[in-house]
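>
Numbering (the working numbering), first residue to last: 4 to 197.
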């Protein structure tokens with residue numbers, strides 16, 4: 004996920020997608036803790052994040068909440084599965100971590116946009132490819148990187164996330180205990196002091 008935010012926001016084939024959101028989307032300010040979509044409901048929108056960031060969570064069969072992803076400024080937020088399959092319920096909850104500014108577009112308009120011309124079709128394909136790479140890289144990282152490396156990747160992607168995400172939330176995202184995150188932070192601080 005290293006530098007994904009910057010690469011994603013500046014991807015040349017996605018410029019037409021960003022322009023679509025900024026010209027056809029409705030501007031909205033979302034308050035911290037407000038939901039864009041809730042798990043098991045039907046998602047209605049996809050949005051471009053101008054400011055702030057969101058968390059993706061999923062409740063498992065035992066009722067435990069898991070943080071499964073984050074979306075930052077310059078990225079697109081929504082339940083992608085709902086975009087590609089009509090009328091399915093959302094697999095995740097998307098919630099604002101901070102106050103956010105977005106441009107949102109109804110899913111049906113986004114689907115129509117992808118069929119308007121070749122550039123829009125390319126943007127749709129590139130979006131799918133980029134989302135696949137995020138999921139694939141995250142899967143490989145969980146097998147091949149230690150927790151400190153995963154933590155550092157997130158700090159590079161969003162340097163000030165520690166101001167907004169609790170130790171417990173970070174532990175959920177990295178699938179470790181809060182004590183492990185605390186140990187990593189202390190270890191990093193010691194390295195910077197020496």
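For each residue, glycine too, the CB sits at the ideal point set by N, CA and C.
Taking the DSSP output, what are the residues bridged to residue 199?
Nothing can be reported for residue 199, as the shown portion of the chain is limited to 4 through 197.
> With respect to the beta strand (DSSP E) encompassing residue 94, which residues constitute its N-terminal and C-terminal limits?
Segment: none, residue 94 is in no beta strand (DSSP E) and carries neither H nor E.
> Of all the options 58, 171, 170, which has the alpha carbon lying nearest to the alpha carbon of residue 95?
58
> Does residue 168 come out as helix, strand or coil in the three-state DSSP assignment?
Collapsing the DSSP output to three states places residue 168 in coil.
> According to DSSP, simplified to helix, strand and coil, what is residue 103?
strand
> Using 8 Å for Cβ pairs, my map puts residue 106 next to residue 51. What's the rounded Cβ distance?
That belief holds up - the Cβ atoms of residue 106 and residue 51 are roughly 5 Å apart, short of 8 Å.
> Decide yes or no for the touch test of the segment 101-121 against the segment 20-37: beta carbon pairs closer than 8 Å, at least 3 of them.
With the cut-off at 8 Å, the segment 101-121 and the segment 20-37 touch.
> For residue 113, I'd like the list of residues in its chain whose CB is within less than 7 Å of its CB, leaving aside the five on either flank, ordered along the chain.
49, 86
> Since residue 119 contacts residue 167 with CB under 8 Å, what's their CB separation in whole angstroms?
Contact doesn't hold; Cβ gap of about 37 Å is too wide.
> Between residue 177 and residue 142, what straight-line distance do the alpha-carbon atoms span, to the nearest angstrom?
Roughly 11 Å between the two C-alpha positions.
> Please list the terminal residues of the continuous beta strand (DSSP E) segment that includes residue 49.
48-54
> According to DSSP, simplified to helix, strand and coil, what is residue 36?
coil
> Using 8 Å for Cβ pairs, my map puts residue 17 next to residue 129. What's the rounded Cβ distance?
Correct: roughly 6 Å between the Cβ atoms.
> May I have the straight-line CA-CA distance separating residue 92 from residue 158, to the nearest angstrom?
32 Å
> Would DSSP call residue 8 helix, strand or coil?
Reliability fails at residue 8, whose pLDDT of 46 lies under 50, so the model's placement of it is uncertain and the value that follows must be treated cautiously. In the structure shown, residue 8 sits in a helix (DSSP, three-state: H, G or I).
> Output the boundary residues of the alpha helix (DSSP H) element that contains residue 113.
110-117
> Taking only three categories from DSSP, how would you classify residue 80?
Here residue 80 carries a strand assignment [DSSP, helix/strand/coil].
> Identify the continuous alpha helix (DSSP H) that holds residue 121 and give its terminal residues.
121-147
> Measure the Cβ-Cβ separation of residue 99 and residue 55 and say whether it is below 8 Å.
yes
> Under three-state DSSP, which class holds residue 19?
helix
> Go ahead and pull the three-state DSSP assignment for residue 178.
coil
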